[in-house]
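Asks: The sequence shown: position 16 = 428 (my numbering), numbered continuously.
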Amino acid sequence: MSTGQEEERKPLSNNQKRKMKSASRLYAVQALYQMEVSDQIVDQVILEFLDHRFGAVVEDVEWLEGDTALFKQLVKEAVNWQAKVDQMTDRALVAKWPLGRIDSTLRALFRAAGAELTQSETPPKVVITEYVDVARAFFPEGKEPKFVNAVLDHMAREAKPEAF
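If you want it as C-alpha cells, here you go:
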C-alpha cells in the first residue's frame, strides 16, 4: 500500500521533466513581459511567479509546476545579457522591424530564447521548437509562430553555428 508521501518521492519521468521545462520557458516569457510593462525588478518578479504561478489554480485552471532552476536562470540570464540578445535579435529581424517596434510579448520571448541560446547547453533546435510552442500559446491563430521560427533560426545560427 502506498501513501501520498511515497508517491511524492518518486523520481520524475522524462515526460514530466520536459513539461516542467516547457512551463518554465512560458513563465519566463511572461515574467520578462511583466517586468517590461510594470517596471518590476528581476527578484520581485521571480518571487511572484514562484509564489503565485507555479502550480497555482486560477479560475479553475491549474498552472503547471515549473522547473524552478531553469525559470530563474532564464529570467536572470535574459536580464543580464539583454543588450547582447537584443542586438542579436535586431540582426535577425528585417531592417524595417527593429526590436522596439515588435510586440512586447515577442520581445520577451526573443530575450528568453536568446539567453537560452547563448548561455546554456540546450541544443539550438530544442530552443527553437520550445519557443515556437510558446509563441503558439500566446498567438494561437496568428502568423507569429512562423515569424518566431525564422528569427530564432537566424539567432541560433549566429550563436551556435557549429550546431547546424
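Just so it is clear, CB atoms sit at the ideal spot from N, CA and C, and this is done for glycine as well.
1) Output the distance between the C-alpha atoms of Glu553 and Ser516, rounded to the nearest integer angstrom.
2) Is there contact between the stretch 496-506 and the stretch 453-465, where contact requires at least three CB pairs shorter than 8 Å?
3) Counting Cβ pairs, one atom from each stretch, are 3 or more of them under 8 Å apart for the stretch 480-490 and the stretch 431-441?
4) In chain order, what residues of the same chain have a beta carbon less than 8 Å from the beta carbon of Trp475, not counting five sequence neighbours either side?
5) Return no unless some Cβ of chain C is closer than 7 Å to the Cβ of Leu511.
6) Can you give me the Cβ contacts of Lys572 inside the same chain, cut-off strictly under 6 Å, excluding the 5 residues immediately before and after it?
7) On the DSSP bridge assignment, give the partners of Val441 in chain order.
Replies: Taking the definition as stated:
1) 18 Å
2) Proximity of the stretch 496-506 to the stretch 453-465 falls short of the contact definition, fewer than three beta-carbon pairs being nearer than 8 Å.
3) yes
4) Cβ within range, chain order: Ala435, Arg465, Phe466, Gly467, Ala468, Val469.
5) Although the question refers to chain C, the structure presented lacks it and comprises just one protein chain.
6) Pro536
7) According to DSSP, Val441 bridges with nothing at all.
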